[in-house]
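J.: With the numbering used here, the residue at position 14 of the sequence shown is 77, and numbering never jumps.
C-beta atoms are modelled at their ideal positions from N, C-alpha and C, and glycine is treated no differently.
One structure follows; several queries about it will come next.
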Amino acid sequence: MMHQMRAEYGAGGRSDGVRLWHVVRGAEQVAMCGRELEAGAPVRDVVDWGKTPELCCHTCGAYYLRESPYLGAEHR
Ligand SMILES: [Zn+2]
């Protein structure tokens with residue numbers, strides 16, 4: 064199953080910039096932690112998990128690692 068990182072904006076919305084990165088399955092709009100994310104929010108390749116200047120959602124990280132124990136394996 065493919066995963067993607069999807070951004071959560073700060074309290075001010077889009078103009079506030081990215082507050083946190085979540086993981087979604089495929090093109091879903093609901094993060095693995097249950098948080099609903101904006102349709103137009105930026106996405107990133109999941110191999111960038113943990114490498115962004117912004118924080119990554121701990122809950123999503125835990126779920127994602129459980130589904131993909133070998134980080135990046137689905138991209139090889
Ligand atoms: Zn999350």
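At the level of alpha carbons, what is the spacing between Arg139 and Val81?
T.: Reliability of the predicted coordinates at Arg139 is poor, the pLDDT of 49 falling under 50, and no value is obtained from them.
J.: When burial is assigned at 16 or more other CB atoms within 10 Å of the CB, is Val87 buried or exposed?
T.: Label assigned to Val87: buried.
J.: Distance check for Ala70 and Cys119, CA to CA, integer angstroms please.
T.: If you take the alpha carbons of Cys119 and Ala70, they lie about 9 angstroms apart.
J.: Compute the distance between the beta-carbons of Trp112 and Tyr126, then report whether it is under 8 angstroms.
T.: Not in contact: Trp112 and Tyr126 (Cβ atoms no closer than 8 angstroms).
J.: Going along the chain, which residues of its own chain have a beta-carbon closer than 7 angstroms to the beta-carbon of Arg98, five neighbours each way excluded?
T.: Hits under 7 angstroms: Glu71, His85.
J.: Does the distance from the CB of Arg107 to the CB of Met68 come in under 8 angstroms?
T.: Against a cut-off of 8 angstroms, the Cβ pair of Met68 and Arg107 comes out as a contact.
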